[in-house]
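Everything on this sheet refers to the single structure shown next.
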């Protein structure tokens, strides 16, 4: 049953060194504030799962929190590379990261299978694709009716899933709306679920009956962090800070610039700075 | 791309003798008016797929339209048997119907696989259940990662799916809300999709961004039939006519009473009677 | 306060529900028991109906598994594939609450046919959600009026697995959930013996005799070493139940 | 009206989109081309982005695949698993519109690594949605600036299947979709030869020579028996494209 706690306490209590962690959000609602808290608490040896690693994983990897990253598209959308991910993988700074690489269809199906309590996902994929030759976690099964070969990947079952959502109600139910990505699946697939929200409201009486709601009893901890997904966005609250994404490229390109940025913007501050980051973006 | 037509034309043009047909709606939004049109047009040899056959299939079977029924729960909810289904299966009136029987989990997964373009669905099911011994379409596969045996069933791919929905907009997009059942999956799994709606509105500007909407280009034909799901219901329009469900038991119990009811309420009338059926139910 | 056999059955079944349970609720008696629990000692219980309604709080009992009331009072309503995949198969349900047409001492459930599958004496509605409810929920509570016709030595068809034909099948199939743990009838409460996996009577309703129980059971009834007398329904339990039933009848009659 | 090589590439790519197409749109050049088509000759086209936005009509080009604008202007927004399962794998998409880092004459796409997979010279972002877009969509249009680095004899890694290493792989794998059928560059248009499955130049942009094309291609370029000259961008096409780009830049700069 969801407990309302501080972000600091949520990460301290429910995320442990060595955990398999999914911080999801498909461009939208990426849990940046939670990622920064993980860096501040210097968590280690994490296996980071995420379809689109994005800046938050670039920052975690550059800060030395990650042992391995499981992903399907590791770039800065519309801008270029994730330079910290590449520096770690290609040059071993701050240490060499392991990678496990899939396609979006594979990871989306693997999250779905995780939520569905299945050991694996099947889909029509990887046909003629060479990832199947370099990733031993891509296998196949034969349809027992048509004999078609289908791709199979293991279900994703994180120790901890972290998401950012628009709202919780006082009961601890959580609403995600807009581009909902794989958040529901990632949450339901995990042993523990940490959610940061823009705000807590009295009830969801005015919410659509089929909206994406995670009931309180599927969630471990909720922390209120306004602006907590910046530079990603929260539909209805603030838009994506595209300029920040573009500017990140120069920061991440240089180890010293990156280290200085993390020090000033993560290590020496707390989650309360996120509210400030989105002030100028609000409509 | 969705065409706006009369229900009569929709059924005449897009549903053919011998078709595999899914009329879905999980208690809610059951396409009764469309079922009556199929009876009026005396379609034959249909394979009727539906998780919960309900009264609409009882009527189709009693009227001799069906060759086979594929189902997972064939009763009158909260009341008892589907007496026409039983009379056909047990006594061959008006002719003997074939059955293929599954569990809800199997059919829900099979619709999902149909929508997903897969040849089969896998799930953890039928463990120790004897249906697996009498239905050759229940098979198994072995997970290539854990070696767990999982149940497999063929995907459902109807020739025609018929659903009732609350609204279409002028562009032909269709909104389903409330208990959405397997309607989206049944529609996306089918070659042709016929939709009856309570009303056509200008646009869906006020509809939630993640509501269950079938875009116009996934639909073949839309017919406006107010009250078209009676005695089932349309959330936001009229409630379930529970009294009718209770009364149906006596009508269906007797072949003559059934035949008389079909004559008076289906054969000698048109879809316009449905608006009248729900008048007294409206809030 | 006097009460009927159905009333004590419903009340005792409701007591089995705990405040932090997540219940997958079958229609009819299970639905009555779960909602009675919610309206009395277990206000925090989460009720889920297979129509997709999660955390629903109906004011009247639904006639069908998908009455509008269930959706209108739910925390959220999901599609039926999602319900069976993410919520049931996902292992999120602590209790499946079921009824049956035929039941045996191992808790195997038949809702498919009386007689032979291909040439049945009676063709029943079928399994619906039950085959996977029986194996995916943490445990299964059964509620059912006792009779020789319903409580049989061997079910004609195992629609939904209890503890199998010998009591060992769940383990053999690698099933991790408990299966049927409690059976509440209009005469008594039976629980599953941890060793034999057979139902044994643990509590007898006031005024009911062991003879009556045996006369209404198709297998040889066994008893726990200590058999208690069921506490009578309290005034509160009865009045909440009767109010609920009255509201329900009025609504379903279309008034 | 004068135009840049990127402008004619975008305009010509947009012309490939038909009014009744359902396009799965990659970010960058494909997104520009598809939206230009929507704003000019193909107002009925359905644009789908893998973030879950179906039938979206953005006023500015998204920087990412999931900008808020895509959701706010969409007919509906679905979950990412649903997008990949029901919409892409379900076979509902007529055209997948992709770019690439490396491409060969059979339309095989590399967006994974330059060099060896385990010890790459350059680690690229990876496949994302492309491996299944390439095989699930009715056909694939590619848009990409021509260069020897990008247009190679043999891609270092087949991230997403074109016509395979010999042109026969799709058939051998039982793939029913057409695969890459059109490649639009800043110099010319290539189409897939129905027999060899290799790209052949069918149209050359005004002012471009065959030498220029060969100088920017890592394989030996072949030509259709009739090669046409690409029609110059019209005033309307250019003004709509420029307006779109200007709106986009202004918005992404945070103004």
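Protein chains in written order, with the numbering used here: chain A, 248 to 530; chain B, 248 to 530; chain C, 1076 to 1330; chain D, 1076 to 1330. Glycine is no exception: its CB is placed at the ideal position from the N, C-alpha and C atoms.
For residue 527 of chain A, the number of other beta carbons within 10 angstroms of its own is below 16, and it is reported as exposed.
The stretch 1196-1216 of chain C makes contact with the stretch 340-352 of chain B: 3 or more CB pairs, one atom from each, lie closer than 8 Å. Between the stretch 399-412 of chain A and the stretch 423-436 of chain A, the count of Cβ pairs shorter than 8 Å is three or higher; the stretches touch. By the Cβ-count criterion, residue 1113 of chain C is buried, with 16 or more other Cβ atoms from all chains shown falling within 10 Å of its own Cβ.
Restricting attention to beta strand (DSSP E) runs no shorter than 3 residues, the stretch 387-445 of chain A encloses them at 396-401, 407-416, 421-423, ordered along the chain.
Taken atom to atom, the span from the alpha-carbon of residue 440 of chain B to that of residue 447 of chain B is near 17 Å.
With fewer than 16 neighbouring CB atoms inside 10 Å of its own CB, residue 1324 of chain C falls in the exposed class. The beta carbon of residue 512 of chain B sits no closer than 7 Å to any beta carbon of chain C.
Assigned with DSSP and collapsed to three states, residue 309 of chain B falls in helix. By the rule that beta-carbons nearer than 7 Å mark a contact, residue 1130 of chain C touches chain A. If you compare the alpha carbons of D:1148, D:1106, D:1227, D:1156 with that of residue 432 of chain A, the shortest gap goes to D:1156. Sequence-distant Cβ neighbours of residue 323 of chain A in its own chain, meaning closer than 7 Å and more than five residues away, are 302, 329, 492, 495, 496. Residue 507 of chain A counts as exposed, since fewer than 16 other C-beta atoms from the protein chains shown sit within 10 angstroms of its C-beta. With fewer than 16 neighbouring CB atoms inside 10 Å of its own CB, residue 1282 of chain C falls in the exposed class.
DSSP lists D:1123, D:1171 as the bridge partner or partners of residue 1099 of chain D. Contact residues of the stretch 1182-1214 of chain C toward chain A are 1211 (C-beta to C-beta distance below 9 Å).
The Cβ atoms of residue 442 of chain B and residue 286 of chain B do not sit closer than 7 Å to each other.
For residue 505 of chain A, the closest of A:262, A:281, A:385, A:340 by C-alpha to C-alpha distance is A:340. With contacts defined as CB atoms closer than 7 Å, residue 254 of chain A and residue 398 of chain A fail to qualify as a contacting pair. Along the stretch 1153-1165 of chain C, going in chain order, the ones with a CB nearer than 9 Å to a CB of chain B are 1153, 1154, 1155, 1156, 1157, 1158, 1159, 1160, 1163, 1164. When Cβ-Cβ separations below 7 Å define contact, residue 1146 of chain D makes contact with chain A.
Contact annotation, residue 1253 of chain C with residue 1214 of chain C: C-beta distance approximately 4 Å; criterion of less than 8 Å satisfied. Where residue 1105 of chain D is concerned, the enclosing alpha helix (DSSP H) starts and stops at 1104-1114. Separation of the CB atoms of residue 279 of chain B and residue 477 of chain B is rounded to 6 Å, and the pair is thereby assigned contact status at 8 Å. Bridge pairing for residue 518 of chain B: absent [DSSP]. Taking C-beta separations shorter than 6 Å and ignoring five residues to either side along the sequence, the partners of residue 356 of chain A in its chain run 368, 370, following chain order.
Under the criterion of beta carbons closer than 8 Å, residue 1100 of chain C and residue 1123 of chain C qualify as touching, at roughly 7 Å.
The continuous alpha helix (DSSP H) containing residue 258 of chain B extends over residues 254-261.
Residue 1299 of chain D is bridged by DSSP to nothing; it lacks a bridge partner.
Here the stretch 1284-1304 of chain D makes no contact with the stretch 449-461 of chain A; the two share fewer than three CB pairs at distances below 8 Å. Taking 7 Å as the cut-off, the beta carbon of residue 462 of chain A is found closer than this to the beta carbon of residue 420 of chain A. Take residue 1297 of chain D, set aside five residues on each side of it, and the residues of its chain with a beta-carbon closer than 6 Å to its own are 1275, in chain order. With respect to the C-alpha of residue 1257 of chain D, the residue from D:1318, D:1234, D:1178, D:1149 having the closest C-alpha is D:1178. The DSSP-derived three-state label of residue 1262 of chain C is coil. Scanning its chain for C-beta atoms nearer than 8 Å, with the 5 sequence neighbours on each side dropped, one finds no residue around residue 1077 of chain D. Per DSSP, residue 1307 of chain D lies in no beta strand (DSSP E) and is assigned neither H nor E.
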